[in-house]
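Visitor: So in my numbering the end of the sequence shown lands on 421, straight run, no missing numbers.
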Amino acid sequence: MKAYRGLLLIILAMGSSACLWYFATPLTPIHPLNKLAHIIGGLAITGLFLVFLFSTRMKILERWFHGLERLNFYHKVLAMFSLAFIIIHGQLQKMVPDEDLPQTSFREWAKELGEFAQYGFIILIALAFLAKFLKYEHWRWLHRLLLLPYTLGIYHTYFSSEYDLLQPSALGIFTALTTTIGFMSALYMMTMYQDMFFPYNGTISNIQKLNAHVIELELTLTKKLHYRPGQFLFLKIFQEGIEKAPHPFSISGGDGVTIRVTIKAVGDFTKQVYNEIQVDTPVAIDGPFGHFDFAKGANQQLWIAGGIGITPFIAYLQTKPTKKIDLYYSFHGVDNIVYKDFLLDYAQSNEQFTVTFIDTSQVDRLSFVQLTIPAHTSIYLCGPEKMMKHFKSSAPTSHIEWEAFKLR
Numbered sequence: 014m015k016a017y018r019g020l021l022l023i024i025l026a027m028g029s030s031a032c033l034w035y036f037a038t039p040l041t042p043i044h045p046l047n048k049l050a051h052i053i054g055g056l057a058i059t060g061l062f063l064v065f066l067f068s069t070r071m072k073i074l075e076r077w078f079h080g081l082e083r084l085n086f087y088h089k090v091l092a093m094f095s096l097a098f099i100i101i102h103g104q105l106q107k108m109v110p111d112e113d114l115p116q117t118s119f120r121e122w123a124k125e126l127g128e129f130a131q132y133g134f135i136i137l138i139a140l141a142f143l144a145k146f147l148k149y150e151h152w153r154w155l156h157r158l159l160l161l162p163y164t165l166g167i168y169h170t171y172f173s174s175e176y177d178l179l180q181p182s183a184l185g186i187f188t189a190l191t192t193t194i195g196f197m198s199a200l201y202m203m204t205m206y207q208d209m210f211f212p213y214n215g216t217i218s219n220i221q222k223l224n225a226h227v228i229e230l231e232l233t234l235t236k237k238l239h240y241r242p243g244q245f246l247f248l249k250i251f252q253e254g255i256e257k258a259p260h261p262f263s264i265s266g267g268d269g270v271t272i273r274v275t276i277k278a279v280g281d282f283t284k285q286v287y288n289e290i291q292v293d294t295p296v297a298i299d300g301p302f303g304h305f306d307f308a309k310g311a312n313q314q315l316w317i318a319g320g321i322g323i324t325p326f327i328a329y330l331q332t333k334p335t336k337k338i339d340l341y342y343s344f345h346g347v348d349n350i351v352y353k354d355f356l357l358d359y360a361q362s363n364e365q366f367t368v369t370f371i372d373t374s375q376v377d378r379l380s381f382v383q384l385t386i387p388a389h390t391s392i393y394l395c396g397p398e399k400m401m402k403h404f405k406s407s408a409p410t411s412h413i414e415w416e417a418f419k420l421r
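1. Can you check the region 317-383 for any alpha helix (DSSP H) of at least 4 residues that lies completely inside it and give the ranges in chain order?
2. Evaluate contact between the region 339-348 and the region 320-327, counting only Cβ atoms and requiring at least three cross-stretch pairs below 8 Å.
3. Give me the DSSP bridge partner(s) of residue 227.
4. In whole angstroms, give me the CA-to-CA distance for residue 236 and residue 300.
5. For residue 132, does the count of other Cβ atoms within 10 angstroms reach 16, so buried, or fall short, so exposed?
6. Is residue 290 helix, strand or coil by DSSP?
7. Based on the DSSP output, what are the partners of residue 216 in its beta bridges?
8. Cα-Cα, which of 165, 269, 179, 287 is closest to residue 227?
9. Cutting at 6 Å between CB atoms, please list the residues of its own chain near residue 356, excluding the five before and the five after it.
10. Could you check where the beta strand (DSSP E) with residue 392 kicks off and where it finishes?
11. What does DSSP give as the partner residue(s) for residue 222 in the beta ladder?
12. Give the secondary structure of residue 191 by DSSP, where H, G and I count as helix, E and B as strand, and everything else as coil.
13. Can you give the Cα-Cα distance for residue 337 and residue 370, rounded to whole angstroms?
14. Which of the three DSSP states is assigned to residue 247 in this structure?
15. Quick check: the Cα distance between residue 39 and residue 298, rounded to an integer number of angstroms?
16. By a C-beta neighbour count over all protein chains shown, 10 Å radius and 16 as the cutoff for buried, is residue 199 buried or exposed?
17. Reducing DSSP to helix, strand and coil, say where residue 185 ends up.
18. Buried or exposed for residue 23, going by 16 or more other Cβ atoms inside 10 Å?
19. Anyone know if the C-beta pair for residue 315 and residue 392 falls short of 8 Å?
20. Is DSSP giving residue 263 helix, strand or coil here?
21. For residue 301, name the three-state secondary structure that DSSP assigns.
22. At a Cβ threshold of 8 Å, is residue 248 touching chain B?
23. Give the range of the alpha helix (DSSP H) segment to which residue 45 is assigned.
24. Tell me, please, which residues DSSP counts as bridged to residue 313.
25. Considering Cα atoms alone, identify which of 137, 82, 49, 129 is closest to residue 98.
26. Is the beta carbon of residue 243 less than 8 Å from the beta carbon of residue 311?
27. What separation, rounded to the nearest whole angstrom, lies between the Cα atoms of residue 35 and residue 52?
28. DSSP three-state label for residue 41, please.
29. Is residue 255 closer than 8 Å to residue 264 when the C-beta atoms are compared?
30. If I measure Cβ to Cβ from residue 422 and keep anything under 7 Å in the same chain, skipping five residues before and after, which residues do I get?
31. Rounded to whole angstroms, what's the CA-CA distance from residue 397 to residue 277? Just pull it up for me.
32. On the three-pair Cβ rule with 8 Å, is the region 216-234 touching the region 166-185?
33. Where do the N-terminal and C-terminal ends of the alpha helix (DSSP H) with residue 168 fall, by residue?
34. What's the gap between the Cα of residue 163 and the Cα of residue 93?
35. Is residue 214 near the ligand ATP, judged by its Cβ being under 7 Å from some heavy atom?
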């Protein structure tokens, strides 16, 4: 399991939370239901700490989870579990006998703030999971608003608890560390990430429209970006009329000082780029990201690309690899194919490389049943989400790598 270090982090954090709350001693004896409510509440606040920590896209976390796509997956899973823990915690609190509930106005106020936090999380997380129906900017603002109920939840944790969390006990130290890191992670993503942590700056030096929907941008940077073919980056474009929020794109080539990215106009941002982008526009880059590593694969490789998912393969071919490579390139209609001439020329001049074009407007979609795959073959996939799910679920080998990162 390639993400085992990331999974160990989750298990360690959640397991530590459950154990520390279970074995901690309350200020006064409490009802078993109240103790269970505290344990569940502790799991909720710990889960949210991980949710906000994972949103920072720290390079060490990307390595531990073997890519941002897996990190993003566990970010979503933890958000769902945290929401479930919040709801269960609230229901258990309602079942606690009255004499076991907060008796002071101060603690009663903290309890009410916890209820506000619960409703806030339910609404915002539910809306966040409707991402495909929302504009990206609206989705981003929903994520930013999550800091408010999280802050209320931290206050509720400390000041409605039957445990003294301000003391330097094991539980107190653990809670202080996780809530502080979680809060700072959320604050970092809200206020600092976009302004401070895009270390590569440059301009757009060349623009080429490859077809009616796809554009290739050449970026010239002020310092060299050391990347591996198959990786992607986050790109910010500073041009009036184009959204300034960063978006991920696979690197399709370049020597590091010049970088090429190939973009398909499918959403609001990418359509703005396709229609309005101009040469000399300033840009900023964060990256590279991704664990799509062709060099570590076997000498026999099978590549399956769908649509714009051809770009990481193009980047690796430009290094002139010596491996035996069979590429199956799927697209819907001849108007949607890119780099066809490059691939045909490369296949003609390199006997180790073959390419098969599959136009799904004319023939059935590709499946592993149609392929003869030699033993010890490394398989690489990149393309639309539906295609990726199909191939990952039916892969005949564990030697399979895929890249499909999306923001939401």
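Every residue gets a Cβ at the ideal spot worked out from N, C-alpha and C, and that includes glycine.
From a predicted model like this one, the values you see are computed outputs, not experimental measurements.
Guide: Let me lay it out:
1. 324-330, 353-362
2. yes
3. 277
4. 13 Å
5. exposed
6. coil
7. 233, 295
8. 287
9. 368
10. 390-395
11. 228
12. helix
13. 18 Å
14. strand
15. 49 Å
16. buried
17. helix
18. buried
19. yes
20. strand
21. strand
22. Considering every chain present, this structure includes no chain B. It has just one protein chain.
23. 45-67
24. 337, 390
25. 49
26. no
27. 6 Å
28. coil
29. no
30. Past the edges of the chain, shown from 14 to 421, lies residue 422, and the structure says nothing about it.
31. 12 Å
32. no
33. 160-172
34. 15 Å
35. Absent from the structure shown: the ligand ATP. Ligands present: none.
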